[in-house]
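Numbering-wise (my numbering), the sequence shown opens with residue 10 and increments by one.
Beta carbons: idealized from backbone N, C-alpha and C, even for Gly.
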Amino acid sequence: MGRFTEGEFYHIYNRGVEKRDIYLDKADYERFLEGLFKFNNNKPVELRNLDKAGSPEIVSPEEKLASIISYVLMKNHFHLLIYCKNEENLSNFLRKIFIGYTMYFNTKYQRSGVLFEGRSKSKHITKDNYLQHLIYYIHLNPLDYLSPKWREQEIKNAEEAKNFLANYEWSSLAGVSRKKFDPVLDYNILAELLPERENIGSQISDWSASFYLKNKDYFLDA
10 MGRFTEGEFY
20 HIYNRGVEKR
30 DIYLDKADYE
40 RFLEGLFKFN
50 NNKPVELRNL
60 DKAGSPEIVS
70 PEEKLASIIS
80 YVLMKNHFHL
90 LIYCKNEENL
100 SNFLRKIFIG
110 YTMYFNTKYQ
120 RSGVLFEGRS
130 KSKHITKDNY
140 LQHLIYYIHL
150 NPLDYLSPKW
160 REQEIKNAEE
170 AKNFLANYEW
180 SSLAGVSRKK
190 FDPVLDYNIL
200 AELLPERENI
210 GSQISDWSAS
220 FYLKNKDYFL
230 DA
């Protein structure tokens, strides 16, 4: 049996080996996001060229190997919420992302060896309420830099948190909120999941620390 099942949602997570930072400057974040978009199709890419994502090309939702619903990039890890359209295609997509970014990073910083902490972790999301909280969780992740205990405690200063998240560049929050178009995301799936436009304030106010504490294994913490 494969690792993924067609027609199901998965929380994908990975971090740097020995918890090392995997994004050292703005260009690194941009290159990883470019890979999420550029490699999400069946167009052949030679191994020696995986470190070069190249100029983005518009592809239809039907051409994408997997549907990305939300994401966040942190200094030493990332979270993706993905809808599996095909088990083999999703596995190939993830392989291209990790190999390509590792080659890019190692070339740029003159290092060798693995960059990520083994194969990415994945959690099959089986209930709608978990799915909703996971979208919140992914977008609230940058609060680690503002208030590290936000997961276990209610978010105290909602306005401060809202402003901080609105200015965090490396998540899908603006795209999911329809404040800007994000080519990484699958808006067809998003429209089914979130028919009404999400906003930062609702994600902050709806976050449940008690739900998190009871279901921590779904959130794949760093």
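In the DSSP assignment, what residue or residues form a beta bridge with residue i?
i    : result
L42  : None; L42 has no bridge partner.
V81  : H88, S180
F125 : G25
S76  : Y92
Can you name the start and end residues of the beta strand (DSSP E) that residue i belongs to?
i   : result
I21 : 18-24
Go through its chain and collect everything with a Cβ distance to residue i's Cβ below 8 Å, but skip five positions before and after it.
i    : result
L203 : I144, V185
L152 : W159, I164, A170, F173, L174
M111 : Here the sequence assigns Thr to residue 111, which means Met is not the residue at that position. Counting only Cβ-Cβ distances below 8 Å, and skipping sequence neighbours, we find V123, L124, F125.
Within a Cβ cutoff of 6 Å, which residues of the same chain sit near residue i, ignoring the five residues on either side of it in sequence?
i    : result
V123 : V26
Y80  : L89, S181
R40  : Y113
E97  : none
Can you look up residue i in the DSSP assignment and give me helix, strand or coil?
i    : result
I198 : helix
I134 : strand
S219 : helix
F173 : helix
P65  : Note that P65 scores 49 on pLDDT, short of 50, meaning its location in the model is unreliable; the coordinates nonetheless yield the value given after this. P65: coil per DSSP, three-state reduction.
V193 : coil
K48  : As written in the sequence, residue 48 is Phe, which differs from the Lys given in the question. In the structure shown, F48 sits in coil (DSSP, three-state: anything other than H, G, I, E or B).
Rounded to whole angstroms, how far is the Cβ of residue i from the Cβ of residue j, which I believe are closer than 8 Å?
i   : j    : result
N23 : E178 : Incorrect: roughly 20 Å between the Cβ atoms, too far for contact.
L74 : F102 : 4 Å
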